[in-house]
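Single-structure report; data block below.
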Amino acid sequence: MWFGLFTRTKGPLDSSGFEHIFLGEIHGGKISGFHNWIRFYLLEKAGQLNYLSYSANGPWTSYPDVYGFQFKWSNYLKSIGSLFVGSSPEFDLAVFTLCYVTRPDSVCTVTMGGQTLKIQTYTWANTTYGNGKRYVGSTYPIV
């Protein structure tokens with residue numbers, strides 16, 4: 001579900017749900033995915049990412065917060081991308097998996113720390129790899 005390879009273009013099998021969400025991808029001159037605050041922080045610290053603006057769902061009294069960012073990565077623009085801030089990758093993977101399994105291709109509503117938030121999920125099924133298996137295409141918190 002997370003690590004099966006597929007293609008988002010008509011080229012080689014070079015994408016997975018995990019890569020798309022936790023690392024980000026560049027396709028057709030645009031940033032795709034990139035919903036992980038640790039990667040965001042590390043690239044910004046290394047001078048490879050510049051955030052331009054943000055919006056927030058919070059701040060909450062407990063972590064994680066949900067932020068939407070506009071940013072540039074390697075001179076490519078992401079007009080808006082959302083992510084949890086302050087969570088572990090394990091937390092993100094668990095919540096995203098829960099929502100993907102229970103609410104594929106839709107909005108999943110969860111309550112954490114007394115706060116209600118929505119997570120969008122998308123399935124990738126346009127592949128011949130794995131005999132038609134369905135994979136996580138994308139999932140992210142909605143700001």
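So for the sequence shown, full-length UniProt numbering puts the first residue at 1; every next one is plus one.
Heads up, the beta-carbon is just placed ideally off N, CA and C, and yes, glycines get one too.
Here V101 carries a helix assignment [DSSP, helix/strand/coil].
The shortest C-alpha to C-alpha distance from N36 to any of F22, E44 and K30 is the one to F22. In this model, E44 and N50 are separated by some 6 Å (Cα to Cα).
Residue S74 holds the alpha-carbon nearest to the alpha-carbon of S32 among A46, S88, L42 and S74. In its chain, beyond the 5 residues on either side, F6, Y135 and G137 have a beta carbon closer than 6 Å to the beta carbon of W124. Only residues of its own chain outside the window of five on either side were considered, and among them T109 have a CB closer than 7 Å to the CB of T116, listed in chain order.
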